[in-house]
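Below is one structure, written out as structure tokens, with a few remarks after it.
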Amino acid sequence: MRVLVLEDDRDLNRQLVAALTDAGYAVDAAFDGEEGFFLGETEPYDVVILDTGLPKIDGISVLEQWRRAGRNMPVIILTARDRWSDKVAGIDAGADDYVAKPFHMEELLARIRAQVRRASGHARSDIECGPLRLDTKTARVTLDGQPVKLTSHEYRLLAYLMHHNDRIVSRTELVEHLYEQDFDRDSNTIEVFIGRLRKKIPPDMIKTIRGLGYRLSEGDAN
Amino acid sequence: MRTNSLAFRLFATAAAWVLLVLPVAGMIIYSLYREEVENSYDRRIGVLLTVILSDSIDHGDSEPGAPKDVGEPLFEITHSGWYWQIKPLDGRPGRLLVSRSLADERIPLPSEAKVEPNDREVRWATLTGPLEQTVRVAETIYVFGEGQSAQRYSVAVAAALEEVENSLLSFRTRLGLALALAGIGLLAVNLFQIRFGLLPLHQVEKGLSAIRSGEAARLDAALPQEIVPLQQELNALLKSNQDIVERARTHVGNLAHALKTPLAVIVNEARDEPSGFARKVSEQAEIMGKQISLYLDRARMAARIGVIGRVTEVRPVGESLIRALERIYRDRQLSYIMDCPAGTRFQGERQDLEEMLGNLLDNASKWARSKVMLSVATLPADNGAHARFEIRVEDDGPGLTDQQLTDPILRGRRLDETKPGSGLGHSIVADLAHSYSGGLELCRAEIGGLSVRLTLPLAS
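Here the protein sequences line up with chains A and B, keeping their order.
For the first sequence, the working numbering begins at 7 and goes up steadily by one.
For the second sequence, the working numbering begins at 31 and goes up steadily by one.
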């Protein structure tokens, strides 16, 4: 899951990036409206954290431009302006949620999870796929009730596949959604991680669809 | 008409002027008229004296003859008030002639009263004469006969002044009456003039009260050109007042933004540290955050108080808030039901209504199972009290027990410590409502959960 943090305060930006990375997201940071708009327009983010008071282009304008350009990723506005008139203006500009500063990081993370889930069509915080179960709150995966030990990259990959289970996910899509912008994107690493995952969960759950990508499903062992 | 009023000042000066001018004018007119009347009386007496003397000379020789052709019938009527008399002087014998009207009386003579003659040898005097009448007497001395028989005669004509006095009295009465009527007329016209002239001031008063009640933002009445500068100044003042409030709002918002971001950084930084110091910092930063929110809201409120009232249509505010909440809570699939008659207008700022309604709807959304209801209704006006309307926000969530409903602390908790997220929802709503002399009540909703009833002033 890729997140864009668009916040001009350097400290807060750093904290957000750290907290989101810890929570298993691939995070890009931008500090002004221009850079942020460009990233949001070109990269496929799963969630954007958007501050409204940005240099160069203000947050609301950035959001409006994205929406006009047909970018409809979930956007959570993070702002000190917590009057309802501001909230309504933000939502009307196309935001999906609104978090007022100062905020609790846990709350922001919960809101992000909710947006990611909603965008992939899951109503609950637990995502199940056959014997696999992903608790998005704690970022833990269990197989038949037993915890599965995963590295952070493995977790990112499995979590993305579980959010989009029963759907073919291309290698490019995986690279785009799992790695930060500056990451050295070698699609072979995806194959390596798929291989590792197959050792930790029933191997036939992740199918390779030749020429298209991968699909996670309950498995056709039966 | 109060004494400290423009109308009173204008009326009082006009009245003083009328009361001063009309009597003086009356006296001047009367004295001119009196002089004229007396002069013409004297002229008449003088003419008669000339006629009687020449007639007497014509009809006499060494002695005066009885005048025959005087042409004044009043000389023939006894005690008519008109008399003539020809009398020898120096105590020497001679012919005494008098008009029939004089009968046995005699005319008092100016020469005996030591009145000096004028340049035409006529002595004039006002004396008390026959029958105690006040008479105007003209007398001239003429010598009849020559040599030894020459004899000085006093020829006099007297006329009672009663006639003149009567005529003057009647003139005085009519003049007084006419002037009094003129005075009353002037004052009435003046009163009308004041009322009519000051009418635009009432328009200004109405305009100002419309601004105060929030129906108008500026003074737009078509006013006479003398008041237009005042109107322009007033409108400029209103505009600058609104600008100041807007600026204060902007500064307050900027301050909020400036403080809250570093505060968020401190809170997040401290949270990651396990030390007691970090815990203290985190705790205090949390308190600071709440205090900032609380006092910024108070500051916003204070900036509003005393500002010219505004009017906000309730329905669009409800619609936009519900639209936003539907998006924020779209996973919950809550249904929002709004019952708000179009045209219900809140007398106050849109932002404040949004704040109150937003917090209540948000709170209800957080607790609701499936339904949030917003209903707005105008309240029957109490006598004299400002018209009001009520906003009812209800949810079908768990609601409050009777004990919770009556305990202010528990009530506050339900409203303030709203599920996720922190805030001071209730105190802000209550503070705002109180600042508009409105009220906030909690009770159980018919659909199961909590019902919050907010009463606010209705714009007329």
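All residues carry an ideal CB built from backbone N, CA and C; glycine is no exception.
If you're wondering where the values come from, they're calculated on a predicted model, not measured in any experiment.
Give the single residue among the options whose Cα lies nearest to the Cα of residue i.
i, options, result
"L84/A", "I196/A, L60/A, R177/A, K143/A", "L60/A"
"G183/A", "R202/A, K206/A, H159/A, L203/A", "Note that residue 183/A is His in the sequence shown, not Gly. Per the Cα distances, H159/A."
"T164/B", "L430/B, E151/B, E192/B", "E192/B"
"T142/A", "A29/A, V9/A, L22/A", "A29/A"
"L30/B", "R122/B, S465/B, K117/B, D149/B", "For chain B, the structure presents residues 31 to 490; residue 30/B sits outside this window and is missing."
"A372/B", "P346/B, L264/B, E356/B, D361/B", "P346/B"
"S150/B", "A475/B, V77/B, D369/B", "The amino acid at residue 150/B is misidentified as Ser; the sequence shows Arg. The shortest Cα separation from R150/B among A475/B, V77/B, D369/B belongs to V77/B."
"Y113/B", "E169/B, L40/B, F174/B, D250/B", "E169/B"
"L12/A", "G42/A, L18/A, T27/A", "G42/A"
"L157/B", "A294/B, E476/B, A186/B", "A186/B"
"K269/B", "Q178/B, A278/B, R248/B, Q381/B", "R248/B"
"Q21/A", "L114/A, A86/A, R74/A", "L114/A"
"A278/B", "E256/B, L326/B, A300/B", "L326/B"
"A36/A", "T27/A, H169/A, D15/A", "D15/A"
"S126/A", "W90/A, M79/A, D88/A", "M79/A"
"G56/B", "Q178/B, R166/B, K144/B, L209/B", "L209/B"
"A212/B", "A294/B, L430/B, L289/B, L49/B", "L49/B"
"V406/B", "S61/B, A286/B, F419/B, S239/B", "F419/B"
"V295/B", "E316/B, G306/B, N284/B", "E316/B"
"A411/B", "R32/B, V67/B, L486/B, T280/B", "L486/B"
"L364/B", "R166/B, N196/B, I241/B, K396/B", "K396/B"
"R357/B", "Q121/A, T214/A, L45/A, S176/A", "Q121/A"
"V175/A", "I212/A, V147/A, Q152/A", "I212/A"
"A190/B", "F307/B, E471/B, T108/B, V482/B", "T108/B"
"N194/A", "V181/A, L203/A, Q187/A, E186/A", "V181/A"
Residue i lies in the alpha helix (DSSP H); which residues open and close that run?
i, result
"K236/B", "192–242"
"E47/A", "39–48"
"G65/A", "65–74"
"G56/B", "36–89"
"A288/B", "258–301"
"Q152/A", "No alpha helix (DSSP H) contains Q152/A, which is instead part of the beta strand (DSSP E) from 152–154."
"E356/B", "344–358"
"L218/A", "From DSSP, L218/A is part of no alpha helix (DSSP H); its letter is neither H nor E."
"K401/B", "Segment 401–408 is the beta strand (DSSP E) holding K401/B; no alpha helix (DSSP H) there."
"D17/A", "16–28"
Could you work out which residues of chain B lie near residue i, taking near to mean beta carbons separated by less than 8 Å?
i, result
"A199/A", "Here the sequence assigns Phe to residue 199/A, which means Ala is not the residue at that position. What F199/A touches in chain B: nothing, since even the nearest Cβ is about 29 Å away."
"V94/A", "S350, L351, R353, A354, E384, G388"
"P61/A", "Those do not exist, as P61/A stays about 13 Å from chain B at its closest Cβ, beyond 8 Å."
"Q152/A", "Here the premise fails: no neighbours, minimum Cβ distance about 30 Å."
"Q187/A", "Residues of chain B passing the Cβ test: none, with the nearest at roughly 23 Å."
Over the uninterrupted beta strand (DSSP E) stretch that includes residue i, give me the two end residues.
i, result
"V167/B", "164–174"
"Y366/B", "365–369"
"L60/A", "Here L60/A belongs to no beta strand (DSSP E), and DSSP marks it neither H nor E."
"S91/A", "Here S91/A belongs to no beta strand (DSSP E); instead the alpha helix (DSSP H) covers 90–98."
"R8/A", "8–12"
"T148/A", "146–149"
"K117/B", "112–118"
"G388/B", "No beta strand (DSSP E) holds G388/B; the alpha helix (DSSP H) holding it covers 380–397."
"E420/B", "418–425"
"I477/B", "Note, I477/B: premise wrong, no beta strand (DSSP E); not H, not E."
"D132/A", "132–135"
Can you round the beta-carbon distance between residue i and residue j to whole angstroms, since I take them to be within the 8 Å contact cut?
i, j, result
"E135/B", "P160/B", "3 Å"
"V100/B", "V81/B", "6 Å"
What residues from chain A crowd round residue i, counting only those whose CB sits closer than 9 Å?
i, result
"D361/B", "A120, R123, R124, A129"
"Q381/B", "R89, W90, S91"
"G306/B", "Simply none; closest approach about 20 Å."
Please list the partners that residue i has in chain A, where partner means a Cβ-to-Cβ separation under 7 Å.
i, result
"R301/B", "M111"
"R357/B", "I97, D102"
"K290/B", "A86, K107, P108"
"A240/B", "Residues of chain A passing the Cβ test: none, with the nearest at roughly 26 Å."
"H287/B", "G59, A86, R87"
"G319/B", "P108"
"G283/B", "R87"
Is there at least one non-hydrogen atom of the ligand COA closer than 7 Å to the beta-carbon of residue i?
i, result
"E135/B", "By its list of ligands, the structure shown contains no ligand whatsoever, and the ligand COA lies outside what it can speak to."
Give the interface partners of residue i over in chain B, defined as CB-CB distance under 7 Å, in chain order.
i, result
"L18/A", "T291, A294, V295"
Note down, in chain order, every chain B residue with its Cβ under 9 Å from the Cβ of residue i.
i, result
"D15/A", "T291, P292, A294, V295"
"Q21/A", "A294, V295, N298, E299, D302"
Touching by the beta-carbon criterion (3+ pairs, under 8 Å), the segment 349–356 of chain B and the segment 387–405 of chain B: yes
Kindly confirm or deny that the segment 360–378 of chain B and the segment 311–331 of chain B touch, where touching means at least three C-beta pairs closer than 8 Å. no
Inspect the CB distances between the segment 425–433 of chain B and the segment 463–480 of chain B and report whether three or more fall short of 8 Å. yes
Quick check: the segment 70–77 of chain A against the segment 255–266 of chain B, are there 3 or more CB pairs under 8 Å? no
Does the segment 171–183 of chain A come within contact of the segment 52–69 of chain B, defined as at least 3 CB pairs closer than 8 Å? no
Please confirm if the segment 285–295 of chain B is in contact with the segment 95–108 of chain A, defined as three or more CB-CB distances below 8 Å between the two stretches. yes
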